[in-house]
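Using UniProt numbering, the first residue of the sequence shown is number 1, and each one after it goes up by one.
Even for Gly, the Cβ is constructed at its ideal location relative to N, Cα and C.
Since this is a predicted model, take the numbers as computed values, not measurements.
What follows is a set of notes on a single structure, which appears directly below.
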Amino acid sequence: MIPAYCYTEQFSNNMENYENEGTHWFGIFFAFVSGIFFTISSAFVKGIKSVDPMILLSLRAIVQIIVMLIVVCKESKNILGPRDYRLLNQFQGIVGGMTLTLMFYSFRKLPLGDATTIIFSSPVIVIILSFVFLKEPCGVLRITVMCALVAGVVLVARPPFLFEMHRDQPYDIVGYVCALLATWFNAINIVMMRKCSPIHYSILVLSLSFCDWFTWEMIMMVVVTGLVGQVLVAKALKIEGAGKVSMTRSLDLVLAYIIQIYFFEDIPSNTSILGAVLIFISVICMAFEREVYGICDFIP
């Protein structure tokens, strides 16, 4: 006898949504690799203490503009993008610029693992925005994942009004505010990139300073890793949904903590580790979302 719950209307609707959505593993791969490049780039941003983050951002923008102009000319594309998407594309560029600015400052002020964990919790916002604007499915599993992600961020950020902090224990509120704002801007930017034909954003901040050769080599690593990461995430968003792409990139918080411990000798707190584990488990659940709905058919 076949159990009645196998064919409930609610389960049928869920499976239809997720079967139609499916999982495009090539897009997931692009998203994962882009996250690795972004994490490496953020490590260099934190390591180059003698150069202001805005100078690093300016250099990245200059190289980004040059490289993308070459690609646009080679592909014979309109530099402004399709006519119907020009306004949205310009707004996406502004939001992307704000995202990078906030990210760079949060990487400089906070432990790398903490900053990366908070910023990569953006799937909470992405899932909501993609459900509203992109009509992507959002069931109980995604809502549960969002709650776990929020709890993870709270454990990592450890706000003083929730956790008893010693008076002499430093707490960089500006760094955490930058990281949280970067999370919002990052989520909005991902959804807009998915909504329109993605065109590389850039920030026109033209400022240079004198640096030694070793610093210049590290700056070029910031530029290269950041540019490659941005190209890969744009390609990933062409193939896979915004929610799954943002979730997959969150997996790289493990790499961020490894870099934080071994290169910056900054040991994360127990709450930071617990928060990171919560976020990691949430990402794994989203990666196997279709399989979870296939097994647990009682989930609405």
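- Taking a C-beta distance under 7 Å as the contact criterion, residue 33 and residue 232 qualify as a contact pair.
- Rounded to the nearest angstrom, the Cβ distance from residue 222 to residue 38 is 11 Å, too far for a contact under 8 Å.
- One alpha carbon belongs to residue 126, the other to residue 282, and they sit about 14 Å apart.
- In this structure, residue 95 sits near residue 185, with a CB-CB distance shorter than 7 Å.
- For residue 252, the secondary structure class from DSSP, reduced to helix, strand or coil, is helix.
- Taking C-beta separations shorter than 8 Å and ignoring five residues to either side along the sequence, the partners of residue 106 in its chain run 115, 118, 119, 175, 176, 178, 179, 182, following chain order.
- Across the set 67, 108, 92, 68, the C-alpha of 108 shows the shortest separation from the C-alpha of residue 51.
- A straight line joining the alpha-carbon of residue 59 with that of residue 83 spans about 29 Å.
- In this chain, the alpha helix (DSSP H) harbouring residue 104 covers 86-109.
- In the three-state scheme derived from DSSP, where H, G and I count as helix and E and B as strand, residue 191 is classed as helix.
- Between residue 230 and residue 144, the alpha-carbon positions lie close to 29 Å from each other.
- Straight across, the Cα-Cα distance linking residue 112 with residue 89 is about 30 Å.
- With 16 or more other CB atoms across the displayed protein chains lying within 10 angstroms of its CB, residue 191 is buried.
- When DSSP states are grouped into helix, strand and coil, residue 155 belongs to the helix group.
- For residue 139, there is no enclosing alpha helix (DSSP H), as DSSP marks it with neither H nor E.
- Counting along the chain, residue 124 sits inside the alpha helix (DSSP H) bounded by residues 123-133.
- Shown here, residue 74 sits in a helix according to DSSP, grouped into three states.
- The beta carbons of residue 57 and residue 101 sit about 6 Å from each other, so the pair counts as a contact at 8 Å.
- About 5 Å separates the beta carbon of residue 28 from that of residue 248, a gap short enough to meet the 8 Å contact definition.
- Distance check between residue 53 and each of 67, 146, 122, 99 places 99 closest, using alpha-carbon atoms only.
- Secondary structure at residue 53: helix, using DSSP grouped into helix, strand and coil.
- Residue 266 sits in coil when the DSSP states are folded into three classes, being neither helix nor strand.
- If you draw a straight line from the Cα of residue 263 to the Cα of residue 284, it comes to about 27 Å.
- Straight-line measurement puts the Cα of residue 86 at about 45 Å from the Cα of residue 267.
- In the three-state reduction of the DSSP assignment, residue 120 falls in the coil class, being assigned neither a helical nor a strand state.
- Per DSSP, reduced to three states, the secondary structure at residue 48 is coil, with no helix or strand assignment.
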